[in-house]
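Notes follow the structure.
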Amino acid sequence: MKKMKKKLKSIFSPKKLVLWLSILILIFTVPAFNKSALSQTQAIVTMLCVEKEEDMIKVAATVLTPSQDKKANFQVYSGEGETLGYAVDSVSLAIGKEMGFAQCKIMALGENICSQGVMQVLDYMTRTKKVGRNAVLVTFTGDVVDFTQSVANLNLEKSLRLDRIVSFDKRYILTQDSNIETFYIGYYSPISLGLMPKIKLGTSDEFNAIEVANSGTSSNSGSTESTSSSTGGEDKKFIINDGTVSLFRDGRHYIDMTLDEVKKANIFVNDAQKGTIVVEGVSDHIYNDAKVVVNILKKDISIKPDFKDGTPIYKTDVSLTVFIDEVIEENPSERLLRRNQDFLTNALIEKIKQKMESDMREIISYCQNNKVDLLGVYKHFYALKNKEFEEYLSKVNEENYLDGIDYQINIEVKSEN
Amino acid sequence: MKISYRQLSIMVFMSFIALKFLALPSLLYMESKNMSMFVALALMIVDGLYVFILLDLMKKSGEKNIYEFMKSCVGTFFTKIILIILILKYALVVGNISKGLEFFVVENLYSEYNWFVFVLPLMILVGFMVYKGVRNIARVGEIVYWAIVIGLIYIALKALSGVDVLSFLPFFKDGFKPLVNSAWIHLSWFGSATFMFMLFGFVDFREEKKSRMIKYIIFAILIVQLLYFVFYGLFGVTCPTHNYCISDISQFSSTYSAIDELSWLVVSMWIVAQAIQLALFSYCIAQALKFLFDMKDNWIPTIIVMLYLLAWSFIGENTIRMEQIFFTPYASIITFVAQYVLPIILEVAYSIKHRVWKNKMRLKHEKDEKEVKINI
């Protein structure tokens, strides 16, 4: 016993620290020698596209292969199966590697899968395949493999990344981040609403289209041969991001919103800070029947839900700091040339207010007609006037709760100066 | 060798934050929804108050260790029962930290590695720290303190802009019952100040400043509340699906920047804090075992603790669910007794004993005076 005690004491003596350190290093390094390189056993998926065609799930994945020459080397692989798991496994079987989704930054969902419900897909990918909740979500049109290939080529040819394009959209077009987390939050909220930008794959040069090569289902796009081979017209594809946003209810695709509709909605929510307002027929001492484009520099929105005699009042105070961007008129007044004056005249302010009021009316009737709560009316009443709102909901058909609300808007427009 | 009052304050700080940033916020949300912050706040305030009761007892014990102090207050038999309760509480904390770390490391950091690759060095590290005593643990805590504090604040502030304040409203919609229920179910995650029992006689009170301890406790509460505010504000209804609060907050962003990579460094610092806590509570088990079985040296309890730590690695999710251990009424009862009842019992026992001793002394004094008078 005493001998053992002495031995143990000596094991823990500070003099043996170097020995312990060496053992620790060995524990961590020796198993690594026995392992093959991670890139040999795992495919690093950076984007996954999912679509359903004739009862079969089709997937296409962009796989990043690390190379020593600093060039990004993307390859697109596709597979199909009765379920999403089978489809993903079929890709693994084909390439002899496990699909690793930890670096998957984009998930694109096809039109069919969106109309049938996307929650199963998202649940499987986040829970089982460990796709990060911050992966950007988009919907797409067109063939799943063509789309994936085109997005991979977009990155290689033009150095444009779809996830960055969508993140940029957030400031101007979308009302929120479009990622799995925000989609989940929207889905599990009482109104069960979600938004995803819609990226179209076209074959002809349209407005906002970016031309990319389309070089087959499985390609090494990092090499110059494949990226510069898009000379034939049939190989060309166009990625189109025209600002369309797909609206989801209960996890299913419900309706598409046009850029104009989303922009109008954006004015009345705090998330999107940028925007423009176009007013026409401005006439005063500076303007002569002018069309003025106003840029929103800063926006403060205060929402005060209230009840008066049992009627809910949704009061929105909007404070805009604006910058006069463009002035379009036939005979510009010489006053426009004077730098030291405020171009935000009372007539222009009045016009902006009128425009915003009409936009608000339009977006509210859009919400009422489509029964979608884009402005977060439910959330504000539920949080700030809970008792009265629950009473109100018990009296009306819950589907139509937006109809019985009195919407009021108070606008303040300030110049940047 | 004694530890300073500052080192004790830092250890209290660490124990207050140690178990709070993995699964706890998500588990709290399941019961108490958007009011979960208040549950954590209330329990941490109570924990803070008990730190001062324990400090008072520590000072009363003077140079005595916990065993000698309890023996003088409640006798040998009850002392041994109390020690068993404390061992159970410490064992719960060690198990909780160990499993929490395992799931976090395996699922978030190194999914390709076997947990044993981590647990073996961790076991040796903990064994070494336990064998060397509390002074080493306190010193390591002191060294990493600022790195941990700055890291946690950085993570919280980075994600603060995404917080939706409306998700906290309305307050107390379902009344206080779910909050009380939630507090009781998750009690075993709190009561971290119980480690102070094993430091009786090991703290140097010469540099004592009460305000210092208050500052550290308030600071710990504020940091926990700040991170919980960000966590609940960011994830709202999806909180129950976020089992790794600290990494989920740090990774919540769809925009990428080089500074994001720093988050993992910060998370790694927090893992160091967990390792220190693991060592501290393992040390507490070893000390309690030493007193319980009247062992003279550290090496047997150290080996027992190391084996206990290793045993947790064999208990996987397939064998037993964590909920069956940490969220049972038994776990709550153990924590309740160890943290909230024992200090009161000891205070009462000490004051009774002190009064009896005073009375005895007074009677003896009177008797002596009488005898002196008779002699005169």
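From first to last, the protein sequence lines are chains E and Z.
Take 119 as the starting number for the first sequence in my numbering and just add one per residue.
Take 565 as the starting number for the second sequence in my numbering and just add one per residue.
Positions of the beta carbon are idealized from the N, C-alpha and C atoms, including for glycine.
Given the structure is predicted, the values throughout are model-derived calculations rather than measurements.
In whole angstroms, what separates the C-alpha of residue i from that of residue j?
i      : j      : result
A226/E : K584/Z : 36 Å
T643/Z : Y631/Z : 7 Å
L520/E : L844/Z : 57 Å
N660/Z : L144/E : 28 Å
S346/E : S268/E : Bear in mind that the predicted position of S346/E carries a pLDDT of just 31, short of 50, making it unreliable; the figure below should be weighed with that in mind. S346/E and S268/E: Cα-Cα distance of roughly 13 Å.
I283/E : D812/Z : 24 Å
K917/Z : I782/Z : 34 Å
F641/Z : C803/Z : 46 Å
S196/E : L202/E : 12 Å
V148/E : V708/Z : 29 Å
D261/E : G797/Z : 39 Å
Y847/Z : G697/Z : 7 Å
A155/E : I162/E : 12 Å
E550/E : V440/E : Missing from the structure shown is residue 550/E; chain E here goes from 119 to 535 and no further.
K934/Z : K922/Z : 18 Å
Y780/Z : V615/Z : 11 Å
N862/Z : A850/Z : 7 Å
F732/Z : V657/Z : 30 Å
D281/E : V690/Z : 44 Å
Spatial neighbours of residue i within its chain, please: C-beta separation below 6 Å, excluding the five flanking residues on both sides.
i      : result
L462/E : S533
M760/Z : L618
V836/Z : V708
S157/E : P184
Give every residue of the same chain whose Cβ lies closer than 7 Å to the Cβ of residue i, excluding the five residues on either side of it in the sequence, and list them in chain order.
i      : result
Y305/E : M237, G312 and G369
Y484/E : E379
E517/E : K489
I523/E : P430, Y432 and V495
G351/E : Note on G351/E: pLDDT 45, under 50, position unreliable in the model; no value is reported.
Please return the same chain residues whose Cβ sits closer than 8 Å to the Cβ of residue i, not counting the five positions on each side in sequence.
i      : result
K928/Z : none
K170/E : K176, G228, N230, I231 and Q234
T342/E : Unreliable positioning characterises T342/E in this predicted model, as indicated by a pLDDT of 31, which lies under 50. A coordinate reading is not provided.
The alpha helix (DSSP H) spanning residue i covers which residue range?
i      : result
N504/E : N504 to K513
Q815/Z : Premise fails: Q815/Z is in no alpha helix (DSSP H) and is neither H nor E.
S600/Z : S600 to S625
S157/E : L156 to T159
F441/E : Premise fails: F441/E lies in the beta strand (DSSP E), T429 to I446, not in any alpha helix (DSSP H).
G197/E : Not the alpha helix (DSSP H): G197/E falls in the beta strand (DSSP E), residues F192 to G199.
T300/E : I298 to Y306
E229/E : E229 to Q234
T257/E : Per DSSP, T257/E belongs to no alpha helix (DSSP H); it is in the beta strand (DSSP E), V254 to F258.
F692/Z : W679 to K696
Which term fits residue i, buried or exposed, when burial requires 16 or more other beta carbons within 10 angstroms of its beta carbon?
i      : result
H371/E : buried
N449/E : exposed
E299/E : buried
W710/Z : exposed
A220/E : exposed
S128/E : exposed
V905/Z : exposed
A604/Z : buried
Q526/E : exposed
S818/Z : Per-residue confidence for S818/Z stands at a pLDDT of 49, beneath the threshold of 50, marking its modelled position as unreliable; no derived number is given.
M941/Z : Only positions 565 to 940 of chain Z appear in the structure, and residue 941/Z is not among them; the question remains open.
V729/Z : exposed
S725/Z : exposed
If you follow the beta strand (DSSP E) that residue i is in, where does it begin and where does it stop?
i      : result
A587/Z : No beta strand (DSSP E) holds A587/Z; DSSP gives it neither H nor E.
V638/Z : Where V638/Z is concerned, there is no enclosing beta strand (DSSP E), although the alpha helix (DSSP H) it sits in stretches over I630 to F668.
N528/E : D524 to S533
R245/E : Counting along the chain, R245/E falls outside any beta strand (DSSP E), and DSSP gives it neither H nor E.
Y372/E : R370 to M375
A465/E : From DSSP, A465/E is part of no beta strand (DSSP E) but of the alpha helix (DSSP H) over N464 to N488.
G74/E  : As displayed, chain E neither begins before 119 nor continues past 535, which places residue 74/E out of reach and without an answer.
N413/E : A408 to K426
A331/E : A327 to A331
Exercise. Could you run through the stretch 242-271 of chain E and flag, in chain order, every residue whose CB is less than 9 Å away from some CB of chain Z?
Key: The stretch 242-271 of chain E vs chain Z, Cβ under 9 Å: T244, R245, K248, G250, R251, N252, A253 and V254.
Quiz item: When you check each C-beta in the stretch 303-323 of chain E against every C-beta of chain Z, which residues fall closer than 7 Å?
Solution: Contact residues of the stretch 303-323 of chain E toward chain Z are I303, Y306 and S307 (C-beta to C-beta distance below 7 Å).
Quiz item: Closer than 9 Å, Cβ to any Cβ of chain E: which residues of the stretch 727-754 of chain Z, in chain order?
Solution: Answer set for the stretch 727-754 of chain Z: D728, V729, L730, S731, F732, L733, P734 and K737.
Quiz item: Name the residues in the stretch 677-697 of chain Z whose C-beta lies less than 7 Å from a C-beta of chain E; which are they?
Solution: If the cut-off is 7 Å between Cβ atoms, the stretch 677-697 of chain Z has V681, L684, P685, I688, F692 and Y695 near chain E.
Practice problem: With 7 Å as the C-beta to C-beta threshold (strictly closer), list the residues of the stretch 661-673 of chain Z near chain E in chain order. | Solution: Shown here is that no member of the stretch 661-673 of chain Z has a Cβ falling below 7 Å from a Cβ of chain E.
Practice problem: May I ask you to list, following chain order, the residues of the stretch 499-526 of chain E that have a beta carbon less than 7 Å from some beta carbon of chain Z? | Solution: Residues A501, L502 and N504.
Self-check item: Near-chain E residues of the stretch 795-806 of chain Z - C-beta to any C-beta below 9 Å
Solution: Residues passing the 9 Å Cβ filter: L798, F799, G800, V801, T802, T805 and H806.
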